[in-house]
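Number of protein chains: 2
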Amino acid sequence: MRLSPEQIERYGRDGFLVLPELFSAEEVALLRAALVEVFAQDTPANIREKDSDEVRTAMGLHLRSEVFGRLVRHPRLLEPARQLAGDSLYVQQVKVNVKAAFDGEPWQWHYDFATHHKEDGVSRPLALNLHVFLDDVSEFNGPLYFIPGSHRQGPAPASLDVASTSYPLWVVNREKVRQLAAEGGLFAATGLAGTALIFGDSLVHASPSNISPWDRRIFSLIVNPVANALTRRQRPDYKHHRDLTPIVPLADDCLATLADATAISAT
Amino acid sequence: MRLSPEQIERYGRDGFLVLPELFSAEEVALLRAALVEVFAQDTPANIREKDSDEVRTAMGLHLRSEVFGRLVRHPRLLEPARQLAGDSLYVQQVKVNVKAAFDGEPWQWHYDFATHHKEDGVSRPLALNLHVFLDDVSEFNGPLYFIPGSHRQGPAPASLDVASTSYPLWVVNREKVRQLAAEGGLFAATGLAGTALIFGDSLVHASPSNISPWDRRIFSLIVNPVANALTRRQRPDYKHHRDLTPIVPLADDCLATLADATAISAT
Numbered sequence: 001m002r003l004s005p006e007q008i009e010r011y012g013r014d015g016f017l018v019l020p021e022l023f024s025a026e027e028v029a030l031l032r033a034a035l036v037e038v039f040a041q042d043t044p045a046n047i048r049e050k051d052s053d054e055v056r057t058a059m060g061l062h063l064r065s066e067v068f069g070r071l072v073r074h075p076r077l078l079e080p081a082r083q084l085a086g087d088s089l090y091v092q093q094v095k096v097n098v099k100a101a102f103d104g105e106p107w108q109w110h111y112d113f114a115t116h117h118k119e120d121g122v123s124r125p126l127a128l129n130l131h132v133f134l135d136d137v138s139e140f141n142g143p144l145y146f147i148p149g150s151h152r153q154g155p156a157p158a159s160l161d162v163a164s165t166s167y168p169l170w171v172v173n174r175e176k177v178r179q180l181a182a183e184g185g186l187f188a189a190t191g192l193a194g195t196a197l198i199f200g201d202s203l204v205h206a207s208p209s210n211i212s213p214w215d216r217r218i219f220s221l222i223v224n225p226v227a228n229a230l231t232r233r234q235r236p237d238y239k240h241h242r243d244l245t246p247i248v249p250l251a252d253d254c255l256a257t258l259a260d261a262t263a264i265s266a267t
Numbered sequence: 268m269r270l271s272p273e274q275i276e277r278y279g280r281d282g283f284l285v286l287p288e289l290f291s292a293e294e295v296a297l298l299r300a301a302l303v304e305v306f307a308q309d310t311p312a313n314i315r316e317k318d319s320d321e322v323r324t325a326m327g328l329h330l331r332s333e334v335f336g337r338l339v340r341h342p343r344l345l346e347p348a349r350q351l352a353g354d355s356l357y358v359q360q361v362k363v364n365v366k367a368a369f370d371g372e373p374w375q376w377h378y379d380f381a382t383h384h385k386e387d388g389v390s391r392p393l394a395l396n397l398h399v400f401l402d403d404v405s406e407f408n409g410p411l412y413f414i415p416g417s418h419r420q421g422p423a424p425a426s427l428d429v430a431s432t433s434y435p436l437w438v439v440n441r442e443k444v445r446q447l448a449a450e451g452g453l454f455a456a457t458g459l460a461g462t463a464l465i466f467g468d469s470l471v472h473a474s475p476s477n478i479s480p481w482d483r484r485i486f487s488l489i490v491n492p493v494a495n496a497l498t499r500r501q502r503p504d505y506k507h508h509r510d511l512t513p514i515v516p517l518a519d520d521c522l523a524t525l526a527d528a529t530a531i532s533a534t
């Protein structure tokens, strides 16, 4: 799995890429099955919704599950990431965001670097966010909205919003969102389960609430160049890992072989 | 303006019709200009958002504005309505729903007849809801979501939700929404400003919050057969008007001639 020159150019222009059905239905089934187990764990790394007891976000997953431990080293995610951000990348954050049917909350307009910079002392917006859809994501169940090209203006003015949702978030000022959307429009990142997204640390994005009857679970891996590592350690490890060992990709069938091994041990 | 036999058949099957750009840009401009005036009025018929002072819904508009007084008698709305629900229709409710940029709240899953029956004592689900988009409505700024065919199962189980939003609403149970959406899917009613919708009193629908930087204002006229009139008067007049005089359509250019008259009086 290598990005084409055309894809790399598009990433530079838009600030994101959609890779439809990068993972197979069998691989997605394996990831979903692993979720049941990690959601059942009683840990602060399982963050729950403000108005219900549902897991909204489960973090640090590569340390809690062999399946997700392999996914963060999967070449279909890592090879494109290394093309865009260099070979020496560490695992900054690993999570699944659940946007539950009927109740899933919105994420305000933001870009990840505001948090990485202000909370963790990361100096430059070089991290990449790699998503894998664990459910079909449509216009109805809370897809990410990207503002194409918004990364090219550099980090936008942001302020800390502690009121809107369950978690504090560095959000982009409304006037700036209006201006960026007038220029770049909005893009809804939709696709079938197994679809992947890549987007950069300065890309302005948001996602609406999920009023549909369909869950929307997305796996997210943030990788960051080792040379651009965190300099502040005020957030918990599962929000920004301290282990700066460069990630070494596994083989392309690393999930399939795990499924085989599981099937064998179950017989 | 007459519906074709194919449109009437589709209405029977899906429970709604979309009529793209039924009103011209000039007519929409006239309606928008009239909104400024009615929003500025200090009246209980201007209902404001829970978390801000913005007008969420402005009601009883045909009694407060000559422009909207003409719109409720416009043949492009009334002729199709008479084809579907008979010639003797009264004005049940006239409003503009604003779903403001960034802040606009969702509407939970519901159908209008639950309210008309339980609050106003309307006996049968024969009313029609006629919408005109006053802004472009896209997937991003809070369009109505319809469940096609949901009206054919008859009125769904509903319960009164007083917690979710600024207003109490008879909402459809989640299990029922899941089942209806599994059968009929969801349809987002989008279109350019001037587009009209027609949907029936039993059609299950909802709309998400508006996190986009674009307002979403929609005019709504509910008409009901005189023979199916309200039997209970507990809600204010502007929520269900008592005047059962059958509506008589005006000429197709009734908005244009008003614009001309306004232009002349301004010179």
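Chains as they are written, first to last, in our numbering: chain W, 1 to 267; chain S, 268 to 534.
Cβ atoms here follow ideal geometry from the backbone N, Cα and C, with glycine treated the same way.
Given the structure is predicted, the values throughout are model-derived calculations rather than measurements.
Let me know the beta strand (DSSP E) ranges lying completely inside the region 43-105 of chain W, each 3 residues or longer, listed in chain order. The region 43-105 of chain W contains these whole beta strand (DSSP E) runs: 46-48, 55-59 and 89-99.
Per-residue DSSP class, three states only, for H507(S): coil
Straight-line CA distance for N396(S) to F335(S)? For N396(S) and F335(S), the distance between alpha carbons rounds to 16 Å.
What does P475(S) reach in chain W if we use C-beta pairs closer than 7 Å? P208, S209 and I211
Segment limits, beta strand (DSSP E) that includes F146(W): Looking at the DSSP string, the run of the beta strand (DSSP E) that includes F146(W) is L144 to F146.
Once DSSP output is grouped into helix, strand and coil, what is the label at F380(S)? helix
Residue burial classification, A456(S) (beta-carbon count within 10 angstroms, cutoff 16): By the Cβ-count criterion, A456(S) is buried, with 16 or more other Cβ atoms from all chains shown falling within 10 Å of its own Cβ.
Contact list for L106(W) against chain S, beta-carbon separation under 7 Å: The amino acid at residue 106(W) is misidentified as Leu; the sequence shows Pro. Under the 7 Å cutoff, chain S gives S476 and I478.
For Y145(W), would you say it is in contact with chain S, using Cβ-to-Cβ distances shorter than 9 Å as the test? yes
Which listed residue (H110(W), A40(W) and H151(W)) has its alpha carbon closest to that of I478(S): H110(W)
Cβ-heavy atom distance, R152(W) to the ligand MN, below 8 Å: Absent from the structure shown: the ligand MN. Ligands present: none.
Does any CB atom of chain S fall closer than 9 Å to the CB of W170(W)? no
Under 9 Å from the C-beta of V137(W): neighbouring residues of chain S: Those do not exist, as V137(W) stays about 13 Å from chain S at its closest Cβ, beyond 9 Å.
Tell me whether A188(W) sits in a helix, a strand or coil according to DSSP, three-state version. In the displayed model, A188(W) falls within a strand according to three-state DSSP.
Under 9 Å from the C-beta of A455(S): neighbouring residues of chain W: E139 and F140
Kindly give me the distance between the Cβ atoms of L328(S) and V363(S), rounded to whole angstroms, as I take these residues to be in contact under 8 Å. 7 Å
Tell me whether R419(S) sits in a helix, a strand or coil according to DSSP, three-state version. helix
Between F400(S) and chain W, is the shortest Cβ-Cβ distance under 9 Å, so that the two count as touching? no
How about F16(W): is its C-beta nearer than 9 Å to some C-beta of chain S? no
Using only the alpha-carbon positions, how far apart do D281(S) and F454(S) sit? Cα to Cα, the separation comes out at about 10 Å.
Span of the beta strand (DSSP E) around G194(W): Where G194(W) is concerned, there is no enclosing beta strand (DSSP E), because DSSP gives it neither an H nor an E.
For A181(W), would you say it is in contact with chain S, using Cβ-to-Cβ distances shorter than 9 Å as the test? yes
C-beta contact flag for V132(W) and I218(W) at 9 Å: Contact: yes.
Looking at chain S, is there any beta carbon in it that lies within less than 9 Å of the beta carbon of V28(W)? Closer than 9 Å: no.
Are the C-beta of V444(S) and some C-beta of chain W separated by less than 9 Å? Chain W contact via Cβ: present.
Taking the beta carbon of S207(W) as the centre, do at least 16 other beta carbons fall within 10 Å, making it buried, or is it exposed? buried
Assign T195(W) to one of two classes, buried (16 or more other C-beta atoms within 10 Å of its C-beta) or exposed (fewer than that). Burial call: buried.
Closer than 9 Å, Cβ to Cβ, to anything on chain W: give me those residues from the region 362-395 of chain S, in chain order. Within the region 362-395 of chain S, those residues whose Cβ lies closer than 9 Å to any Cβ of chain W are, in chain order, A368, F369, P373, W374, Q375 and W376.
Tell me, to the nearest whole angstrom, how far the beta carbon of V72(W) is from that of V91(W); I am working on the premise that it is less than 8 Å. The Cβ separation is near 5 Å, so the contact holds.
Quick one: what's F486(S) bridged to in DSSP? V363(S) and V399(S)
Presumed contact (8 Å Cβ cut-off) between A45(W) and A58(W), rounded CB distance: 7 Å
Listed from N- to C-terminal order along the chain, which residues in the region 215-232 of chain W have their beta-carbon within a distance smaller than 9 Å of any beta-carbon of chain S? none
Cβ neighbours of L230(W) in the same chain (closer than 7 Å, five flanking residues each side left out): D120, G121, V122 and H240
Would you please verify whether the beta carbon of R323(S) is less than 9 Å from any beta carbon of chain W? It does not: the Cβ of R323(S) has no partner Cβ on chain W nearer than 9 Å.
Check the C-beta distance from F146(W) over to H205(W) and give it rounded, since I have them as a contact under 8 Å. 5 Å
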